[in-house]
Amino acid sequence: MKILILANFGMGLYNFRKELIEELINNNNEVYISLPNDEYVPKLKSLGCKFIDTPVSRRGTNPITDFKLLMNYKRIISSIKPNVVLTYTIKPNVYGGLACRMSNVTCIANITGLGTAVENGGYLQKITMLLYRISLKKAKCVFFQNKENEELFIKKKIVNGKHKIIPGSGVNLNHYSLLDYPLEKSINFLFISRVMKEKGIDQYLDAATFIKRKYPNTVFNIVGFCEDTYEEKLKDMQDKGIIKYHGKQSDVREFHKISHCTIHPTYYPEGMSNVLLESAACGRPIITTNRSGCREIVDDGVNGYVINQEDSEDLIQKIEKFLQLSYGYKKQMGLAGRKKVEKEFDRKIVVDNYLEQIENIEVTEFGL
0 MKILILANFG MGLYNFRKEL IEELINNNNE VYISLPNDEY VPKLKSLGCK
50 FIDTPVSRRG TNPITDFKLL MNYKRIISSI KPNVVLTYTI KPNVYGGLAC
100 RMSNVTCIAN ITGLGTAVEN GGYLQKITML LYRISLKKAK CVFFQNKENE
150 ELFIKKKIVN GKHKIIPGSG VNLNHYSLLD YPLEKSINFL FISRVMKEKG
200 IDQYLDAATF IKRKYPNTVF NIVGFCEDTY EEKLKDMQDK GIIKYHGKQS
250 DVREFHKISH CTIHPTYYPE GMSNVLLESA ACGRPIITTN RSGCREIVDD
300 GVNGYVINQE DSEDLIQKIE KFLQLSYGYK KQMGLAGRKK VEKEFDRKIV
350 VDNYLEQIEN IEVTEFGL
């Protein structure tokens with residue numbers, strides 16, 4: 000079969016879909032990937048993919064640019080003549096889905112999160128939901144990463160065909176193996192994310208300021224690309240010894256080795272948090288927000304704590320609660336997280352769901 004994958008950036012495709020791509024290629028399928036060229040494309044090509052450079056404005060709302068993307072997808076589909084198209088993230092889901100519908104090609108969509116356009120309401124939400132309704136109407140299957148997203152799409156009558164919840168992108172349990180729990184000479188907390196408001200960085204910095212003053216043997220690490228808004232603040236807080244900012248890193252496992260707990264106070268509308276899945280797989284307790292895509296990974300008090308979103312005081316209380324635990328209990332929390340992801344979030348579950356859908360596709364001539 001010819002399989003076309005539409006995505007908006009290489010890092011997500013390589014880090015979270017690599018195992019699926021490998022399985023598809025091992026099963027003698029031709030796999031094409033359409034996305035903007037970046038540093039991950041050579042890695043994807045080395046798996047055996049055929050690459051199509053496709054500009055995608057991830058955050059832009061220019062209708063002319065989006066129409067060009069739709070036409071680009073339609074041309075790509077017409078040229079390749081795929082048996083099935085897999086789409087990820089909002090724009091590939093919407094415009095890739097529309098192009099598939101116009102070309103009468105089988106499509107499998109993955110709702111990796113609703114994004115701020117849907118979360119914040121208003122006219123952008125209405126337009127996005129209308130586009131989803133049109134583009135997904137003929138989809139063979141729509142995968143959701145959490146129950147809340149699925150319920151919203153059902154309520155808005157966006158999906159009326161086959162749909163199913165899968166455990167996010169899952170986690171590769173071999174790559175993110177169980178790590179030894181570090182000794183407690185100092186207690187290291189870890190924030191892994193793009194440094195932006197919706198990821199809860201303000202709450203993390205508030206907590207770091209308070210806790211560091213009261214508990215000097217704590218270290219608040221930050222790993223991730225920093226948006227311009229926060230560059231000066233991070234530099235100032237690092238100079239004062241409140242945080243340690245490590246910038247963008249290609250392999251976060253080195254930081255999990257020294258970390259005692261991952262803090263992820265996000266209120267960004269994501270499907271299922273890969274940061275939390277990877278942290279739990281490494282045997283690290285987690286403190287995160289009580290919202291879809293996060294709460295599913297935490298059994299409160301068992302492998303971590305759940306906090307109210309945008310609530311620095313609640314975060315501070317949970318950090319203090321964690322600090323007061325014995326070393327053995329902290330370690331046990333991490334082990335409980337590992338067991339949870341082994342049972343519920345193994346990436347093999349996600350791959351098997353895709354293979355099941357693809358194997359049921361009847362191979363016909365293009366567009367028939």
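Under numbering that gives the first Met the number 0, the first residue of the sequence shown is numbered 0, with each subsequent residue one higher. Idealized CB from N, CA, C, for every residue including glycine. Values in this document were obtained by computation on a predicted structure and should not be read as measured data.
- In the structure shown, Val301 adopts coil according to DSSP, grouped into three states.
- Judged by DSSP secondary structure, Leu172 falls outside any beta strand (DSSP E); it is assigned neither H nor E.
- Between the C-alpha atoms of Lys256 and Thr287 there is a straight-line separation of about 20 angstroms.
- Separation of the CB atoms of Cys281 and Tyr203 is rounded to 19 angstroms, and the pair is thereby denied contact status at 8 angstroms.
- Taking a contact as a CB-CB distance under 8 angstroms, the pair Pro91 and Ala6 counts as one, their CB atoms being some 6 angstroms apart.
- In the pairwise beta carbon analysis, the segment 289-299 is classified as not touching the segment 208-222: fewer than three pairs are separated by under 8 angstroms.
- His259 sits in coil when the DSSP states are folded into three classes, being neither helix nor strand.
- The DSSP assignment places 140-143, 162-164, 186-191 as complete runs of the beta strand (DSSP E) inside the segment 131-209, in order along the chain (cut-off: 3 residues).
- Ala335 carries a helical assignment under DSSP once its states are collapsed to helix, strand and coil.
- Within the DSSP secondary-structure output, Asp310 pairs in no beta bridge.
- For Ala108, the closest C-alpha among the options Ile75, Ile157, Gln124 is that of Ile157.
- Contact between the segment 333-341 and the segment 297-315 is present: 3 or more CB-CB pairs across the two stretches fall below 8 angstroms.
- Residue nearest to Asn171 within the set Ser311, Ser134, Glu343 is Glu343 (criterion: CA-CA distance).
- Nearest Cα to Tyr266 within the set Asn36, Asp205, Glu197: Glu197.
- Inside the segment 235-293, DSSP marks whole beta strand (DSSP E) runs of 3 or more residues at positions 260-263, 285-288, from first to last along the chain.
- Bridge partners of Glu29 according to DSSP: Lys1.
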